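Chemist: Counting from 1, one number per residue, gives the positions in the sequence shown under our numbering. Each residue gets a CB set at the ideal place from its N, CA and C atoms; glycine is no exception. Nothing here was measured: the structure is a model prediction, and the numbers come from that model. Have a look at this one.
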Amino acid sequence: MSASSRPRLLVTGATGGMGAATCVAAIAQGYDLLLADLNSEKLEAFAQQCRDQGAAADWVVVDVTNEEHVAALVAKAQDGRLDGIVHTVGLSPTMASGERIIDVDLIGYISALEALRPTLSSGSCAVCIASMSAHMVPPNPQIEAVLANPLAPDLLQRVAELPGTPLSDPNAAYPYSKKALIQYVEGRAMAWGREGKRLVTISPGLIDTAMGKQEEANDGGANYARMEPLISLQRHGQAEEIAGAAMFLVSRQASYVTGCDILVDGGFVGSMRQMQRQA
């Protein structure tokens, strides 16, 4: 067991834009770290950077769709106190097929989250990264009913059997998987709360990360150009701003915040809804 008296935070997707920014913010607040991501070389290099800044930092290679990887992560999480999780792992629409996005962003994501729940100390919080796109897709009772049980063993089969296979399109699979994540967190907060643990989502807007830039470039920037006028703050967000929200949520200052989604989108969704009301 770790002998450190410092709080310890698990960050998945730790070498990505939001994950790395969260690690930097956590170190500044006195946390030690457990890092999880796919690439061992990037993890080792980033872990050393964290150590150079004064934090203890362990790392584990994790594909959340791989049960053995998740088991190894749980074992490492048990090697000491775990005071919070910031779960940033995920694929965006340009990165994978619709099926793979559902498998990673919903099934694997939640499977890992629930496997880690027993390792969290009482009073701790898991922060899940959703997306403002979850607030943009139209209601679809058929899709939402299928995704409502993300741990069902036949979920991918049921997704494939949806009429017209709408979730084969990554641009549909991504927002509906994030919407299902938000709804899952709302529904599971009671069970987590009985253990003295909190569970929340953050829905980022247009954020300047490598993943965000890849999405922006996909259609020459046309989709982003359509959305940008609705951002109240008239700019893209920074990874550090997502990290700041995440670190607040894992802190004691947010001890009464659970079972909800926090929009960190520069006001986009509010502007969109106002425009829809006025239409």
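Please specify which runs of the beta strand (DSSP E), each continuous and at least 3 residues long, are wholly inside the region 83-144, giving them in chain order.
Modeler: If we require 3 residues or more, the beta strand (DSSP E) runs fully inside the region 83-144 come out as 120-129.
Chemist: With H, G and I counted as helix, E and B as strand and the rest as coil, what does DSSP make of PRO204?
Modeler: Strand, per DSSP.
Chemist: Give every residue of the same chain whose Cβ lies closer than 6 Å to the Cβ of TYR174, excluding the five residues on either side of it in the sequence, and list them in chain order.
Modeler: The residues are PRO93 and ILE101.
Chemist: Using a Cβ distance threshold of 8 Å, determine whether the region 56-70 contacts the region 138-148, with at least three qualifying pairs required.
Modeler: No contact exists between the region 56-70 and the region 138-148.
Chemist: Measuring CA to CA, which of LYS42, ALA26 and LEU233 is closest to PHE248?
Modeler: When only C-alpha atoms are compared, the closest one is ALA26.
Chemist: Just how far apart, CA to CA, sit TYR31 and VAL264?
Modeler: Going from the Cα of TYR31 to the Cα of VAL264 covers about 23 Å.
Chemist: List the DSSP bridge partners of GLY237.
Modeler: DSSP output for GLY237 lists ILE207 as bridge partner(s).
Chemist: Which same chain residues, not among the five before or five after GLU215, have their C-beta less than 7 Å away from its C-beta?
Modeler: Here the set comprises SER92, PRO93 and THR94.
Chemist: For ASP52, is the classification buried or exposed, using 16 other Cβ atoms within 10 angstroms of its Cβ as the cut-off for buried?
Modeler: ASP52 is exposed by the Cβ-count criterion.
Chemist: For GLY108, is the classification buried or exposed, using 16 other Cβ atoms within 10 angstroms of its Cβ as the cut-off for buried?
Modeler: By the neighbour-count rule (16 or more Cβ atoms within 10 Å), GLY108 is buried.
Chemist: Judging by CA-CA distance, which residue of ALA115, ALA130, SER121 and VAL159 is the nearest neighbour of SER97?
Modeler: Ranking ALA115, ALA130, SER121 and VAL159 by Cα distance to SER97 puts VAL159 first.
Chemist: The alpha helix (DSSP H) spanning ILE27 covers which residue range?
Modeler: 17-28 is the span of the alpha helix (DSSP H), which, as asked, contains ILE27.
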